[in-house]
Amino acid sequence: MPIHRLSISVIDTISKIPELSSFEIHKLKNIPLGYLRKNNKTMLGCCRFKKNSRWIKRNKNGKIIEKGKDFWPHGNTLGPDDVRIIDLHPDLFSESRWERLAASVLYHEYLHALGFRHCPTFRKLESLWPDVEARLGTRKVKLNSPMYNLWLQRKK
Ligand SMILES: [Zn+2]
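All you need for my numbering is the position in the sequence shown, starting with 1, plus 155.
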């Protein structure tokens, strides 16, 4: 499945998850998609924010009164508009057997795009992905995932 068809199907699934209904799901389709370098050993995907997107604090008039360097010390201050690109590993598209894993990885990256880092809320939302076998999460969840294990053993 080409990357754009995959994104349409993942966004469609996200729109059916009630816990995510208050976020800017409709903006996810505007995020550019690309590929990691093929020789990337550790990552399956990466959500890259725009250079000047930093967490912000507003006063009650909506004026930005503080900006920080690191991402996400405050909840809900970043969203899909702040994302420059989401890159996925090209091998996820090399064979149809990785399709479900690719969908799950893109779901993970979209959760980052909605403003979450790897916090307990993020992990809870991650566990709502309906495809149980492809579900990612903490290291432990990942290593229990049959699909992730197949991926690790794949021939390159
Ligand atoms: Zn992540």
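For each residue, glycine too, the CB sits at the ideal point set by N, CA and C.
The model shown is predicted, which means the values in this text are computed figures rather than measured ones.
Query, Result
"Throw me the rounded Cβ distance for the G217 and E179 pair, which I believe falls under 8 Å.", "In fact, because the Cβ distance is near 17 Å, the residues do not count as touching under 8 Å."
"Provide the residue span of the alpha helix (DSSP H) that contains L266, from first to last.", "254-268"
"Just verifying my parser: in three-state terms, what is the DSSP assignment at K212?", "strand"
"Go ahead and pull the three-state DSSP assignment for R361.", "Residue 361 falls outside the range modelled here, since the chain spans only 156 to 311, and no answer is possible."
"Near N304, which residues of its chain fall below 8 Å by C-beta distance, leaving aside the five closest residues on each side in sequence?", "L298"
"What does DSSP give as the partner residues of Y190 in its beta bridges?", "L243"
"How big is the Cα-Cα spacing for R160 and I220?", "40 Å"
"Below 8 Å, is the gap between the Cβ of H273 and the nearest heavy atom of ligand 1?", "yes"
"I'd like to know whether the C-beta atoms of L256 and L175 end up nearer to each other than 9 Å.", "no"
"Using a Cβ-Cβ cutoff of less than 6 Å, which residues in the same chain neighbour H273 once the five nearest sequence positions on both sides are dropped?", "none"
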